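**Student:** One structure, as structure tokens, below. Some questions next.
In this note's numbering, the protein residues as written are 562 to 763.
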């Protein structure tokens, strides 16, 4: 087994354990058991539980940055780019439960570790999305508002729309996590956001 394969195996196992237990609750022994690798080998690649957690966060934020940036590279208009961005984000969150859980647990814990890592991976994405909304406001397709507040509202709505679905379902089919229902909800969420930010005519 090469060093890269071993390291990736440790990271995958750690991602699952940190997603389930959070940083404080996670144990290297559980990660070792999950990965099928002895604890000494984990400490060979990562000096501490914190350094392993930071590596998992880096992987999480890098993936978020790379996948969402794809939505903004096409030469499309404001509305088309925004639709793609919202759709990409919704799919990324709904198809990767560990990613969502890690972000949620980090937020609950005060974001101490994320604050150290996120800026270097998210800054470029933030600037790209900010530019998108600036262009939308300049063209009159988006109402004029504080961009930082707008970004926070949009991304929070996307993330927690999915995160709270299982909590508010009460067994109703309308909130099922089946692919067809998720696709419908994604379309509805895109329209909701677009209508909310669209500049009033008149």
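Glycine residues also receive a C-beta, built at the ideal position from the N, C-alpha and C atoms. No experiment lies behind these values; they were computed from the predicted model shown.
1) Would you kindly work out how many angstroms separate the C-alpha atoms of residue 666 and residue 706, rounded to a whole number?
2) I'd like to know whether the C-beta atoms of residue 570 and residue 598 end up nearer to each other than 8 Å.
3) Please report the distance separating the alpha-carbon of residue 686 from that of residue 704.
4) Kindly indicate the opening and closing residues of the alpha helix (DSSP H) around residue 583.
5) Could you tell me the alpha carbon to alpha carbon distance between residue 708 and residue 701, rounded to whole angstroms?
6) Is it a yes or a no for the segment 570–580 touching the segment 633–642, going by three-plus beta-carbon pairs under 8 Å?
7) Under the rule that 16 or more other beta-carbon atoms within 10 Å means buried, what is residue 627, buried or exposed?
8) Residue 608 to residue 690, Cα distance in whole Å?
9) Which residues mark the beginning and the end of the alpha helix (DSSP H) in which residue 750 is found?
10) Identify which residue in 657, 661, 688, 611 has its Cα closest to the Cα of residue 677.
11) Report buried or exposed for residue 679, applying the criterion of at least 16 other Cβ atoms within 10 angstroms of its Cβ.
**Tutor:** According to the structure data:
1) In the chain shown, counting from the first residue as 1, residue 666 sits at position 105. In the chain shown, counting from the first residue as 1, residue 706 sits at position 145. Each residue's alpha carbon lies about 30 Å from the other.
2) As a working note, residue 570 is residue 9 in the chain shown. As a working note, residue 598 is residue 37 in the chain shown. Contact: yes.
3) The sequence position of residue 686 within the chain shown is 125, counting from 1. The sequence position of residue 704 within the chain shown is 143, counting from 1. Residue 686 and residue 704: Cα-Cα distance of roughly 21 Å.
4) Position 22 of the chain shown, counted from the start, is the residue given in the question as residue 583. Note, residue 583: alpha helix (DSSP H), 564–586.
5) For the purposes of this step, residue 708 is identified with residue 147 of the chain shown, where counting begins at 1. For the purposes of this step, residue 701 is identified with residue 140 of the chain shown, where counting begins at 1. Residue 708 and residue 701: Cα-Cα distance of roughly 15 Å.
6) no
7) Here residue 627 refers to the residue found at position 66 when the chain shown is read from its first residue. Result: exposed.
8) As a position in the chain shown, residue 608 is number 47, starting the count at 1. As a position in the chain shown, residue 690 is number 129, starting the count at 1. Distance between the alpha carbons of residue 608 and residue 690: 36 Å.
9) Taking the first residue of the chain shown as 1, we reach residue 750 at position 189. Taken as a continuous stretch (DSSP letters only), the alpha helix (DSSP H) holding residue 750 covers 740–758.
10) Reading the chain shown from its first residue, position 116 is the one you call residue 677. Of the listed residues, the one whose Cα sits closest to residue 677 is 611.
11) Taking the chain shown and counting its residues from 1, one reaches residue 679 at position 118. It is buried - the Cβ of residue 679 has at least 16 other Cβ atoms within 10 Å.
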